[in-house]
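Engineer:
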Amino acid sequence: MTHSRHWLRPLTAAGLVLAAFAWLVARPLLDAPSTPDAPSAEDLAEPLGKLNEVFARQWQDNGIESAAAADDLTGLRRISLALVGSVPSIEEIREFENDSSGNRLQRWTSRFIADRRFIEYFGVNLSEAFIDLEGDNQEAHQRLRFIEWIGESIQKGRPYDEMAREIIAGRGVLADEPAATMVAMEFGEGVMAPERLAGRISRALLGQRIDCAQCHDHPFDDWTQGQFEGIAAHFGQVNVRMAMIQDTRRGPFVIDDTRNNLKREVEPAVPFDPEWRPEDGNQRERLATWVTHPENRRFRRAIANRMWGLLVGRPLVHPVDGLPDPPDANEPDALDILGNDFAAHDHDLRRMIHLIVASRPFGLESTHPGLDDAATAQTLQEAHAVFPLSELDAHQLIRSMQQAVSIRTIRPEAEWTYVRLKRYESRFQFVRDYGEQSDDSENEASTVPQAAERLTGYKVRNLTRPGVTNAPGRIGAMAAADKGVEEAFLACLTRRPAAEEAAFFLDQPGRNTNQRSRTVEDVYWTLFNSAEFCWNH
Amino acid sequence: MERRDLLRWAAGLGMSFTLPGLTTRAAERRGTERPRSLLTIWLSGGPSQLETWDPHPGSLIGGPTRAIDTSIKGVQIAEGFPLLAGQLHHLSVIRSLTSREGDHDRATYTVKTGFRPDPTVTHPGIGAIVAHAQPSTELELPPVVSLGQENSPWKGGFLGGSFNALQVREPGQAGENVRDWIEEPRQQRRLDGLDLVGKRFLQGRGAVVNRTQHEHSIEAAIRMMTSEQVKAFEIDEEPEEIRAAYGDSNFGRGLLVARRLIEEGVRSVEVTLQNFDTHDDNFTRHQNHATVLDPAFAALLKDLAARDLLASTAVLCLGEFGRTPRINGAEGRDHWPHGFSCLVGGAGLKGGQLIGATDPAGEREKPEDPIGVDDLYATVLTALAIDPAHQVQTPIGRPIKYSNGKPIGRLLG
Chain A
795 MTHSRHWLRP LTAAGLVLAA FAWLVARPLL DAPSTPDAPS AEDLAEPLGK
845 LNEVFARQWQ DNGIESAAAA DDLTGLRRIS LALVGSVPSI EEIREFENDS
895 SGNRLQRWTS RFIADRRFIE YFGVNLSEAF IDLEGDNQEA HQRLRFIEWI
945 GESIQKGRPY DEMAREIIAG RGVLADEPAA TMVAMEFGEG VMAPERLAGR
995 ISRALLGQRI DCAQCHDHPF DDWTQGQFEG IAAHFGQVNV RMAMIQDTRR
1045 GPFVIDDTRN NLKREVEPAV PFDPEWRPED GNQRERLATW VTHPENRRFR
1095 RAIANRMWGL LVGRPLVHPV DGLPDPPDAN EPDALDILGN DFAAHDHDLR
1145 RMIHLIVASR PFGLESTHPG LDDAATAQTL QEAHAVFPLS ELDAHQLIRS
1195 MQQAVSIRTI RPEAEWTYVR LKRYESRFQF VRDYGEQSDD SENEASTVPQ
1245 AAERLTGYKV RNLTRPGVTN APGRIGAMAA ADKGVEEAFL ACLTRRPAAE
1295 EAAFFLDQPG RNTNQRSRTV EDVYWTLFNS AEFCWNH
Chain B
104 MERRDLLRWA AGLGMSFTLP GLTTRAAERR GTERPRSLLT IWLSGGPSQL
154 ETWDPHPGSL IGGPTRAIDT SIKGVQIAEG FPLLAGQLHH LSVIRSLTSR
204 EGDHDRATYT VKTGFRPDPT VTHPGIGAIV AHAQPSTELE LPPVVSLGQE
254 NSPWKGGFLG GSFNALQVRE PGQAGENVRD WIEEPRQQRR LDGLDLVGKR
304 FLQGRGAVVN RTQHEHSIEA AIRMMTSEQV KAFEIDEEPE EIRAAYGDSN
354 FGRGLLVARR LIEEGVRSVE VTLQNFDTHD DNFTRHQNHA TVLDPAFAAL
404 LKDLAARDLL ASTAVLCLGE FGRTPRINGA EGRDHWPHGF SCLVGGAGLK
454 GGQLIGATDP AGEREKPEDP IGVDDLYATV LTALAIDPAH QVQTPIGRPI
504 KYSNGKPIGR LLG
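Top to bottom, those sequences are chains A and B.
For what it's worth, our numbering labels the leading residue of the first sequence as 795, then goes sequentially.
For what it's worth, our numbering labels the leading residue of the second sequence as 104, then goes sequentially.
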């Protein structure tokens, strides 16, 4: 009897191995992220009430009606684009729609913040305030470390004032102290550019443009050349050598005044409220404490303005780093309300994100009857009574296109390294050729070469070509053509097609697979080239 | 695609632009009947006037830079420019440009628009103004082009996004977007679908969608891609001697493409040469730049003159500011907006003029006969038969002139 079962054991073993392999391949590398907790409606009620009141009063004073409330799918698209740089995947949309427990937009905000893509995308956006993202390749590694540090720190809820102090005064081996990258990069070849450093700190952390003060007294806002030099002088002790940053330089800080042909010793000094600057600590530490002092409203207002811009597409005050003097503390505006709540909750940027997402202006439609007229449109936009249109940046565009043609949610940590690298490569090429926006752009209009790239560029064509492993391929193979059109619309525009749109795309000649495949490619091409896809709304 | 097929296809689309090749291109007419163009050579970073058009050899501030004679009697330029020196009589030299902006971004804005930055408005670049003042129905290329690696190309500002410069970072290399276009009925169907989705998006968003210029840029892209005029971007058919004269560099190729674009009727072209921000190693770096700038610029002037294009093309060469007379500790010079130089000519402007002078001792900040950038542009616009005082209404209804400056009489005929 036993000899006739010799074939059974290896077969069972093979069967088990096959089963194990099938199970391994079929399941995703990681489980889908759960939807974590978010601040509840009660948590946010008080600051939210005050915030919405400011806008309501502005609308009333201007005699305007705000736009209607946007639906939740629109909200999902907005937070996805802002936080992870891509439109939501079909998977995510289905899960979101099936999520019937309350507060879902807030919980999905938490989910996107916890996503690995948040570090890569949002980290880049905030890093732009502190370092040049372009530049020579020697520093590429250090830049990436800084981006990761910023993204991870926000993700973990590190207090932003601590982060800011580290950025200004961090020291040690750069590899261990990525926060110090901003200062270290200003010490190229051992020669500091004090004007650039002082300018950067003012713009990034105080929302104050003081660069003009370098050559002459500032034409606006009362900053003088002396004040600018006083800030720069705090970096007089910095020594950057062999990838290490320390405060060991001795001797006074000397400014080279080329106009008057003399050198001038400058004492570290701050332009206002000197009592916030402590006596102890080295010069950089003293400046760091001053900048992040609990009473320094400019510090909080600057980051609130920047975060609003990153989430909504336009900052509350333009330009994002050139705020006017703060108003009377007894009449807090939107920036003060956001800033005060932020300070009262450990400077947690995640909470500020939640507050902005929960605000009335964030939840408004981008449509309004008043938008048909240019003058009324301007009034509505300036009063934040309608959600603004802002162009997707090149990163968002390529990420969104890659996501829209993908069956699953693209999660870098869940992909094989090779796939991930290929994706990075095509993204890099696209961004380089498509063109980055200048950070001063006020919703720059679409340009002709960008249109040309989308219309006929081979990169886009390669994405939309139906294949065995991508969404266009799968959609083309679907039996129910109308479900297919719906999938394509959800994947690209995060909405279902209107009746006439569905009718148009379904009314295609021929029903064989080849023609079906071309129809799907055409739908994707059309949607990718639409303003609705290329602009955030 | 054959030209005949192109026309049939375009007609089949019923698109609202002129069919290519049916009207006489303006460029086929030479001389002053052509539309007027502006060609700006942009030296990005702040070129040192002392190492280019305003040397002070032998002085304390002059450094090691020597000077050479030019075809303008009594005017010398830095020694790295022998070929340009022989062509200089086509242009005039201004040594007393002044601005109040010493910051790169602000200064670039000021020198490219003629206005200081204003938080309430975005001024158009001078190239956009020249295009705005001379609309065309025959030109299928974008009217404003920027060639080379430039981070701040001309913008349309309140004139509108349709005047934003088309940017080609590596001119003279074949573009790949331009060729592919799938067969007609399918393309027609795609564009119909695009139209449908677009109309729905427009509802309730009218004015803001129009401002995106999205539809316009698509139409303009299609027009450009199917146009014969797009060959102007390629230099393969230029004779070898011509290409050699301009030089085998991104900048040299850019200037050659610029000449071809101007021939085709493009209104404004900017060609950028980077890395003039010489806070350190100023002299070597400027010498290196001269080896690229000199032959290309000289070749351009000869070429424009030979093809009878100079009379209708204003040529300008400048940067956002100059550099300090005083040499710093790193053998460099720092920012200096107080008396910097430019070369300007063509379009009937007087050549051979010298305007302004800077202090050879480098002590006096203010130059003799200071000229503002707005005055420079008022002069250029006047030469191009464009009224600098012409007012445009911004979107919120504020009237702004093309230029607030006063034309420089000595340069106008």
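The beta carbon of each residue, even a glycine, is placed where N, CA and C say it ideally should be.
(1) Under 6 Å Cβ to Cβ from Pro-510 (chain B), same chain only, skipping five residues before and after it: list those, please.
(2) By the 10 Å Cβ neighbour count, where 16 or more other Cβ atoms means buried, how is Ala-807 (chain A) classified, buried or exposed?
(3) Which residues in chain B have a C-beta closer than 9 Å to the C-beta of Pro-1163 (chain A)? List them in chain order.
(4) Would you kindly check if the distance between the Cβ of Ser-199 (chain B) and the Cβ of Pro-470 (chain B) is under 7 Å?
(5) Any beta-carbon of chain A closer than 7 Å to the one on Pro-245 (chain B)?
(6) Among residues of its own chain, excluding the 5 on either side of Ser-265 (chain B), which ones have a beta-carbon nearer than 7 Å to its beta-carbon?
(7) DSSP state of Met-1036 (chain A), grouped into three classes?
(8) Report the neighbours of Phe-1299 (chain A) on chain B: residues whose CB is nearer than 8 Å to its CB, in chain order.
(9) Using alpha carbons as the reference points, say which of B:Thr-216, B:Gln-496, B:Asp-478, B:Asp-295 lies closest to Leu-515 (chain B).
(10) For the alpha helix (DSSP H) holding Ala-963 (chain A), just list the boundary residues, first then last.
(11) Output the distance between the C-alpha atoms of Ser-239 (chain B) and Leu-1129 (chain A), rounded to the nearest integer angstrom.
(12) Compare the Cα-Cα distances from Asp-865 (chain A) to each of A:Trp-1210, A:Phe-1156, A:Gly-1045, A:Cys-1286 and report the closest residue.
(13) Output yes if chain A places a C-beta closer than 7 Å to the C-beta of Val-224 (chain B); else output no.
(14) What residues are listed by DSSP as bridge partners for Glu-1059 (chain A)?
(15) So is Arg-501 (chain B) buried or exposed if we call it buried at 16+ other beta carbons inside 10 Å?
(16) What's the call for Thr-1211 (chain A), buried or exposed, on a 16-neighbour Cβ count within 10 Å?
(17) For the alpha helix (DSSP H) holding Gly-230 (chain B), just list the boundary residues, first then last.
(18) When you compare only the Cα positions, how much space is there between Val-1032 (chain A) and Pro-1072 (chain A)?
(19) Comparing the C-beta of Arg-293 (chain B) with each C-beta of chain A, is any distance below 7 Å?
(20) Can you tell me the Cα-Cα spacing of Asn-507 (chain B) and Arg-937 (chain A), whole angstroms?
(21) Return the CA-CA distance between Val-333 (chain B) and Ala-488 (chain B), expressed in angstroms with no decimal places.
(22) How far does the alpha helix (DSSP H) with Ala-1137 (chain A) in it reach, from first residue to last?
(23) Under a three-way DSSP split, which group does Trp-1102 (chain A) fall into?
(24) Taking a Cβ distance cut-off of 9 Å, strictly less, list which residues of the stretch 299-323 of chain B are near chain A, in chain order.
(25) Could you check where the alpha helix (DSSP H) with Gln-252 (chain B) kicks off and where it finishes?
(26) Could you check whether Ile-962 (chain A) and Tyr-1078 (chain A) sit closer than 7 Å to each other, using their CB atoms as the reference points?
(27) Can you tell me which of the three DSSP states Trp-1319 (chain A) falls into?
(28) Under a CB-based cut-off of 7 Å, is Glu-1326 (chain A) close to chain B?
(29) Check whether chain B comes within 7 Å of Ala-973 (chain A), counting only Cβ atoms and requiring the distance to be less than that.
(30) Below 7 Å on C-beta distance, what does Asp-1166 (chain A) contact in chain B?
(31) Give a yes or no on contact between the stretch 150-169 of chain B and the stretch 180-188 of chain B, applying the rule of three or more CB pairs nearer than 8 Å.
(32) What residues from chain B crowd round Glu-1295 (chain A), counting only those whose CB sits closer than 9 Å?
(33) Rounded to a whole number of angstroms, what is the C-alpha to C-alpha distance between Asn-1330 (chain A) and Ala-335 (chain B)?
(34) Just the C-alpha distance for Asn-399 (chain B) and Thr-1170 (chain A), rounded to the nearest angstrom, thanks.
(35) To test your reading of the DSSP string, which unbroken alpha helix (DSSP H) runs of 4 or more residues are found completely within the stretch 1159-1220 of chain A?
(36) Does the beta-carbon of Arg-139 (chain B) have 16 or more other beta-carbons within 10 angstroms, so that it is buried, or is it exposed?
Structural biologist: According to the data block:
(1) Taking the second sequence and counting its residues from 1, the one referred to as residue 510 (chain B) is at position 407. Within the same chain, Ala-481, Thr-482, Thr-485 come within 6 Å of Pro-510 (chain B) by CB-CB distance, once the 5 residues on both sides are set aside.
(2) Translated into positions along the first sequence, residue 807 (chain A) becomes position 13. Per the 10 Å Cβ criterion, exposed.
(3) For the purposes of this step, residue 1163 (chain A) is identified with residue 369 of the first sequence, where counting begins at 1. Identification of chain B residues near Pro-1163 (chain A) by a Cβ-Cβ cut-off of 9 Å yields Gly-307, ordered along the chain.
(4) Start at 1 with the first residue of the second sequence, and residue 470 (chain B) comes out as number 367. Start at 1 with the first residue of the second sequence, and residue 199 (chain B) comes out as number 96. Cβ distance < 7 Å, so Pro-470 (chain B) and Ser-199 (chain B) count as in contact.
(5) For the purposes of this step, residue 245 (chain B) is identified with residue 142 of the second sequence, where counting begins at 1. Chain A contact via Cβ: present.
(6) One-based indexing of the second sequence puts residue 265 (chain B) at position 162. The residues Gly-259, Gln-316, His-319, in chain order, have a CB closer than 7 Å to that of Ser-265 (chain B) in the same chain once the five nearest residues on each side in sequence are set aside.
(7) On the first sequence, residue 1036 (chain A) is found 242 positions in, with the first residue counted as 1. Correct three-state label for Met-1036 (chain A): coil.
(8) Here residue 1299 (chain A) refers to the residue found at position 505 of the first sequence. One finds Gly-296 in chain B with Cβ atoms closer than 8 Å to the Cβ of Phe-1299 (chain A), taken in chain order.
(9) Translated into the one-based positions of the second sequence, residue 515 (chain B) becomes position 412. For the set B:Thr-216, B:Gln-496, B:Asp-478, B:Asp-295, the Cα lying nearest the Cα of Leu-515 (chain B) is the one of B:Asp-478.
(10) Taking the first sequence and counting its residues from 1, the one referred to as residue 963 (chain A) is at position 169. It spans 954-963 - the alpha helix (DSSP H) in which Ala-963 (chain A) sits, taken as one unbroken run.
(11) The residue given as residue 239 (chain B) occupies position 136 in the second sequence. The residue given as residue 1129 (chain A) occupies position 335 in the first sequence. Counting only the Cα atoms, Leu-1129 (chain A) lies some 47 Å from Ser-239 (chain B).
(12) Within the first sequence, numbered from 1, the residue matching residue 865 (chain A) stands at position 71. Scanning A:Trp-1210, A:Phe-1156, A:Gly-1045, A:Cys-1286 for the CA closest to the CA of Asp-865 (chain A) turns up A:Phe-1156.
(13) Start at 1 with the first residue of the second sequence, and residue 224 (chain B) comes out as number 121. Using beta-carbon distances, Val-224 (chain B) does not count as an interface residue toward chain A, since no partner is under 7 Å.
(14) Looking up residue 1059 (chain A) in the first sequence gives position 265. Paired residue(s): A:Val-1048.
(15) Here the question's residue 501 (chain B) lines up with position 398 in the second sequence. Taking all protein chains shown into account, Arg-501 (chain B) has fewer than 16 neighbouring C-beta atoms within 10 Å of its C-beta and is therefore exposed.
(16) Within the first sequence, numbered from 1, the residue matching residue 1211 (chain A) stands at position 417. Around the C-beta of Thr-1211 (chain A), fewer than 16 other C-beta atoms lie within 10 Å, and the residue is accordingly described as exposed.
(17) Here residue 230 (chain B) refers to the residue found at position 127 of the second sequence. Residues 229-235.
(18) As a position in the first sequence, residue 1032 (chain A) is number 238, starting the count at 1. As a position in the first sequence, residue 1072 (chain A) is number 278, starting the count at 1. The straight-line gap from Cα to Cα measures roughly 19 Å.
(19) Within the second sequence, residue 293 (chain B) is the residue found at index 190, counting from 1. For Arg-293 (chain B), the closest Cβ of chain A is nearer than 7 Å.
(20) Within the second sequence, the letter at position 404 stands for residue 507 (chain B). Within the first sequence, the letter at position 143 stands for residue 937 (chain A). Each residue's alpha carbon lies about 43 Å from the other.
(21) Within the second sequence, numbered from 1, the residue matching residue 333 (chain B) stands at position 230. Within the second sequence, numbered from 1, the residue matching residue 488 (chain B) stands at position 385. For Val-333 (chain B) and Ala-488 (chain B), the distance between alpha carbons rounds to 27 Å.
(22) As a first step, residue 1137 (chain A) must be located in the first sequence, where it is residue number 343. Looking at the DSSP string, the run of the alpha helix (DSSP H) that includes Ala-1137 (chain A) is 1128-1138.
(23) The residue labelled residue 1102 (chain A) in the question sits at position 308 within the first sequence. Here Trp-1102 (chain A) carries a helix assignment [DSSP, helix/strand/coil].
(24) Flagged, chain order: Leu-299, Val-300, Gly-301, Arg-303, Phe-304, Leu-305, Gln-306, Gly-307, Arg-308, Gly-309, Ala-310, Val-311, Val-312, Asn-313, Arg-314, Thr-315, Gln-316, His-317, Glu-318, His-319, Ser-320, Ile-321, Glu-322, Ala-323.
(25) Here residue 252 (chain B) refers to the residue found at position 149 when the second sequence is read from its first residue. From DSSP, Gln-252 (chain B) is part of no alpha helix (DSSP H); its letter is neither H nor E.
(26) Here residue 1078 (chain A) refers to the residue found at position 284 of the first sequence. Here residue 962 (chain A) refers to the residue found at position 168 of the first sequence. For the record, residue 1078 (chain A) in the displayed sequence is Arg; it is not Tyr. Their beta carbons are under 7 Å apart, which means Arg-1078 (chain A) touches Ile-962 (chain A) by this criterion.
(27) For this step, residue 1319 (chain A) is matched to residue 525 along the first sequence. In the displayed model, Trp-1319 (chain A) falls within a helix according to three-state DSSP.
(28) The residue you call residue 1326 (chain A) lines up with position 532 of the first sequence. Among the residues facing chain B, Glu-1326 (chain A) is included, as its CB has a counterpart in that chain under 7 Å away.
(29) Locating residue 973 (chain A) in the first sequence gives position 179, where the first residue counts as 1. The beta-carbon of Ala-973 (chain A) is placed no less than 7 Å from the nearest beta-carbon of chain B.
(30) Taking the first residue of the first sequence as position 1, residue 1166 (chain A) is located at position 372. Correct list: Gly-309, Ala-310.
(31) By the Cβ test, the stretch 150-169 of chain B is in contact with the stretch 180-188 of chain B, since at least three Cβ pairs between them sit closer than 8 Å.
(32) Here residue 1295 (chain A) corresponds to residue number 501 of the first sequence, with the count starting at 1. Against Glu-1295 (chain A), the close residues of chain B are Gly-296, Leu-299, Val-300, Arg-303, in the order they occur along the chain (beta-carbon pairs closer than 9 Å).
(33) In the first sequence, counting from the first residue as 1, residue 1330 (chain A) sits at position 536. In the second sequence, counting from the first residue as 1, residue 335 (chain B) sits at position 232. Cα to Cα, the separation comes out at about 35 Å.
(34) Reading the second sequence from its first residue, position 296 is the one you call residue 399 (chain B). Reading the first sequence from its first residue, position 376 is the one you call residue 1170 (chain A). According to the sequence displayed, residue 399 (chain B) carries Ala and not Asn. Ala-399 (chain B) and Thr-1170 (chain A) have their alpha carbons spaced roughly 51 Å apart.
(35) Counting only runs of 4 or more, we get 1168-1176, 1188-1198.
(36) Locating residue 139 (chain B) in the second sequence gives position 36, where the first residue counts as 1. Classification of Arg-139 (chain B): buried, given that the 10 Å Cβ count is 16 or more.
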